[in-house]
Amino acid sequence: MALVNEHYLKLPNNYLFADIAKKVNAFKVSHPKANVISLGIGDVTQPLCPAVIDAMHKAVEEMSVKSSFKGYGPEQGYMFLREAIVKNDFLPRGIHLDANEIFVNDGAKSDTGNIGELVRWDNSVGVTDPIYPVYIDSNAMCGRAGTLTDGKWSNVTYMPCLSENSFVPKIPDHRVDIIYLCYPNNPTGTVISKEELKKWVNYAIKNDTLIFYDAAYEAYIQDPEIPHSIYEIKGARKVAIEFHSYSKTAGFTGVRCGYTVIPKELTAATLDGRRIPLNPLWDRRQCTKFNGTSYISQRAAEAIYTEEGKAQVKSTIDYYMTNAKIMHHTLTKLGLQVYGGENAPYLWVKTPDGTGSWRFFEQMLYDAQVVCTPGVGFGPSGEGYIRLTAFGSRENCEEAMERITKWLK
Ligand code: PLP
Numbered sequence: 002m003a004l005v006n007e008h009y010l011k012l013p014n015n016y017l018f019a020d021i022a023k024k025v026n027a028f029k030v031s032h033p034k035a036n037v038i039s040l041g042i043g044d045v046t047q048p049l050c051p052a053v054i055d056a057m058h059k060a061v062e063e064m065s066v067k068s069s070f071k072g073y074g075p076e077q078g079y080m081f082l083r084e085a086i087v088k089n090d091f092l093p094r095g096i097h098l099d100a101n102e103i104f105v106n107d108g109a110k111s112d113t114g115n116i117g118e119l120v121r122w123d124n125s126v127g128v129t130d131p132i133y134p135v136y137i138d139s140n141a142m143c144g145r146a147g148t149l150t151d152g153k154w155s156n157v158t159y160m161p162c163l164s165e166n167s168f169v170p171k172i173p174d175h176r177v178d179i180i181y182l183c184y185p186n187n188p189t190g191t192v193i194s195k196e197e198l199k200k201w202v203n204y205a206i207k208n209d210t211l212i213f214y215d216a217a218y219e220a221y222i223q224d225p226e227i228p229h230s231i232y233e234i235k236g237a238r239k240v241a242i243e244f245h246s247y248s249k250t251a252g253f254t255g256v257r258c259g260y261t262v263i264p265k266e267l268t269a270a271t272l273d274g275r276r277i278p279l280n281p282l283w284d285r286r287q288c289t290k291f292n293g294t295s296y297i298s299q300r301a302a303e304a305i306y307t308e309e310g311k312a313q314v315k316s317t318i319d320y321y322m323t324n325a326k327i328m329h330h331t332l333t334k335l336g337l338q339v340y341g342g343e344n345a346p347y348l349w350v351k352t353p354d355g356t357g358s359w360r361f362f363e364q365m366l367y368d369a370q371v372v373c374t375p376g377v378g379f380g381p382s383g384e385g386y387i388r389l390t391a392f393g394s395r396e397n398c399e400e401a402m403e404r405i406t407k408w409l410k
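For the sequence shown, the numbering used here gives the first residue as 2, with consecutive numbering after it.
Okay, here's the thing in structure tokens:
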């Protein structure tokens, strides 16, 4: 008899975005003529830039000729991409990485979800709250999160990020083995300063804590003082794994490519106190369970580091950030409390008069035909907030703001 992994049975019934889709579909069935605008799910809308498309076409041509055809590639990613990453994403910030510390993947979701395989199931976990749900759910799936009661997992330390603490999480007053940080943050759109990040690195060094740092939105940072990588902080190489994604940087949500950085100095302990480097363990894991990202996707990713690629990617990011500005301006003028949206493509909006997140989601859907994401779906501290994304088209963004203005006025 095959016994099921019962940890899966502890997970809340549905994935947040499946719940939202169900409610939106129900609305559409009863209002077939309504033109619903989604500012909910964090998917991009603008096409891939020309430099990426050219590189993909070239790669397809190579695949069509026997002499340049590629089969399985290296599980860790092609060296041309790993070297381009080291040279463009890190060297200009004074971070010296070896290409072997970069693991190319099919996007950050897989690795942020799978990285927990490297550490024992009984480590304690800390998350800022609200948070990208993959971190907690993936820990719940292997039993590390414990049991779920009243929306909280028993083995997880929640670090609330609220308007009351300006969304700066308080460092725990006790030891936590693994901490997830995500900056710029999904869902709150807030960022972390170098001084605050330094405190986390120092906490990790002092407490022998492993930090999983998700930098999926670093390309959206506008303020030159905000760190793009945790490795900008001294000592971080010994305590942190960092995740990057081309999904929001370059519109790769449907192409699939990202990478994970595991520095060679980074170790975790065995029960008898030996220190084990995690880089070779992840290499071993990838060779066993991952057969590499497609050659075409990796050539596409390489193209964003060319001069044209950089300029084109920046122009799309500027487009989304102009949306964010328009949204921030309109919603603030309406008297709402709006956070984020300045160094991130997300706006985190406090619902008026203490309205619950799901209630406000439904009101906005039925009264303005605009879809947002209820903040509570990202964790208990998200109650009383909603998330809006700047990833829509300009027209939709402007139309949505007009409708919300009419509705709330
Ligand atoms: N990390 C964060 C914080 C995200 O918001 C997302 C996607 O929305 C991801 C990782 C996953 O991105 P992908 O798998 O498309 O690279």
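C-beta: ideal position from N, C-alpha, C; glycine also. The model shown is predicted, which means the values in this text are computed figures rather than measured ones.
Could you tell me the boundaries of the alpha helix (DSSP H) in which S298 lies? Y296 to A304
What is the rounded straight-line gap between the Cα of S230 and the Cα of A35? 43 Å
From the DSSP output, which residues share a beta bridge with H245? Y260
Taking the Cβ atom as the reference point for each residue, do S358 and G376 lie within a distance shorter than 7 Å? yes
Tell me whether C183 sits in a helix, a strand or coil according to DSSP, three-state version. It is a strand residue.
Other residues of its chain near M328: CB distance less than 7 Å, five sequence neighbours each side excluded: Exclusion of the five residues before and after M328 leaves G342, L348, L389, A391, C398 and M402 as the residues of its chain whose Cβ lies within less than 7 Å of its Cβ.
Inter-residue spacing [alpha-carbon to alpha-carbon] between T289 and L279: 15 Å
Answer yes or no: do D107 and R285 have a C-beta to C-beta separation smaller than 7 Å? no
heavy atom of the ligand PLP below 6 Å from C183 C-beta: yes
Beta bridge counterpart(s) of N106 as assigned by DSSP: G259, per the DSSP bridge assignment.
Does the Cβ of S39 lie closer than 6 Å to at least one heavy atom of the ligand PLP? no
In DSSP terms, what A154 is bridged to: Checking the sequence, you will find Trp at residue 154 rather than Ala. Answer is L149.
Let's test the definition: count the other Cβ atoms within 10 Å of the Cβ of G72 and tell me whether it reaches 16, buried, or not, exposed. exposed
Going by the beta-carbon positions, is the gap between V53 and A312 smaller than 7 Å? no
For G383, count neighbouring C-beta atoms within 10 Å of its own C-beta (all shown protein chains included) and say buried if the count is 16 or more, exposed if not. buried
How far does the alpha helix (DSSP H) with T1 in it extend, from its first residue to its last? Because residue 1 is not part of the residues shown, which for the chain are 2 to 410, the question remains open.
Can you tell me whether DSSP reads M2 as helix, strand or coil? coil
Taking the Cβ atom as the reference point for each residue, do P264 and Y221 lie within a distance shorter than 7 Å? When the beta-carbon positions are compared, P264 and Y221 stay at least 7 Å from each other.
CB-CB length for C50 against T317, believed under 8 Å: 6 Å
From Y133 to A22, what distance separates their C-alpha atoms? 18 Å
Taking the beta carbon of I277 as the centre, do at least 16 other beta carbons fall within 10 Å, making it buried, or is it exposed? Answer is exposed; the Cβ neighbour count stays below 16.
Could you tell me the distance, in whole angstroms, from the CA atom of D369 to the CA atom of D224? One point to set straight first is that residue 369 is Ala, not Asp, in the sequence displayed. Between A369 and D224, the C-alpha separation is close to 33 Å.
Using the C-alpha atoms, what's the distance from K239 back to I405? 47 Å
Compute the minimum distance between the beta carbon of D215 and the heavy atoms of the ligand PLP, and state whether it is under 6 Å. yes
Would you grab the beta carbon distance between N124 and R145 for me? Rounded to a whole angstrom, and I think it's under 8 Å. 6 Å
Please say whether I96 and V262 have beta carbons closer to each other than 7 Å? no
Contacting residues, own chain, Cβ-Cβ under 7 Å from H58 (five flanking each side not counted): If we look at H58 and ignore the five residues flanking it on each side, it has no Cβ neighbours.
Three-state class that DSSP yields for G78 in the structure shown: The answer is coil: DSSP assigns G78 none of H, G, I, E or B.
With D319 as the anchor, note down where its alpha helix (DSSP H) starts and where it stops. E308 to K334
Going by the DSSP bridge assignment, what does K351 pair with across the sheet? Y386
Would you mind reading off the limits of the alpha helix (DSSP H) that contains V53? P51 to M64
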